[in-house]
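What follows is a single structure, written as structure tokens, with notes after it.
Numbering (the working numbering), first residue to last: 1 to 195.
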């Protein structure tokens, strides 16, 4: 994930049908599709997995397996204006099965290494926050390995706070840490606009 980008970023909203498309300098945010998953979204996820500090999943799944349990309106892609390739993805899942918690969403965010430093992570997460709030989400949760300091800094810059640590919550199933227990930080952002 990208740390906060310090340069100002041009932002403009364009209405495209029922969705608002957010443009930032040379990329924009749109709903994630199968095509965009294959044009870089899956690679963004796999690059994160390959760091061994972003996910317990060993392999980024194909589209059908990926989309099966996601909240479709909260699956977003950052798209390069010139190439049309996907630079990063964000998605949400219901954090809990009980209906009382429908406004609590766990999210994930992955940015291609080649797109880091362009404000993609911050812009994509910011748009994800806006869309989830518009959909009535009152709390966003993020599960982050403590070693992923760039992700922690990005989340904190957008109002997330650390509320706990799941100690030794899972064993790493692959890589150099295979078989080792990993801690995971619980980050939370309570919406100031959804009550």
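Note that the Cβ used here is the ideal one computed from N, Cα and C, for glycine as well.
For the region 19-106, the continuous alpha helix (DSSP H) assignments of 4+ residues that do not extend past its boundaries occur at 42-50, 63-67, in sequence order. Residue 181 is bridged by DSSP to 171. With a threshold of 16 other beta carbon atoms within 10 Å, residue 169 falls short and is exposed. Pairing residue 108 with residue 55 gives a Cβ-Cβ distance under 9 Å. Contact between the region 127-136 and the region 166-183 is absent: fewer than 3 CB-CB pairs across the two stretches fall below 8 Å.
Relative to residue 64, the option among 158, 81, 38 whose CA is nearest is 38. Rounded to whole angstroms, the separation of the alpha carbons of residue 104 and residue 50 is 28 Å. In this chain, residue 142 is not harboured by any alpha helix (DSSP H); it is covered by the beta strand (DSSP E) spanning 139-144.
A direct Cα-Cα distance of roughly 16 Å separates residue 74 from residue 191. For the options 189, 174, 106, 25, the alpha carbon positioned closest to that of residue 70 is the one of 106.
Of the residues assessed, residue 45 falls on the buried side of the cut-off, its CB having 16 or more other CB atoms within 10 angstroms.
Looking at the DSSP output, residue 186 sits in a beta bridge with 143, 164. In the three-state reduction of the DSSP assignment, residue 108 falls in the strand class. Taking 8 Å as the upper bound for CB-CB distance, residue 86 and residue 36 are in contact here, some 4 Å apart.
With contacts defined by Cβ atoms closer than 9 Å, residue 88 and residue 142 do not form a contacting pair. Pairing residue 165 with residue 155, the inter-Cα distance amounts to about 16 Å.
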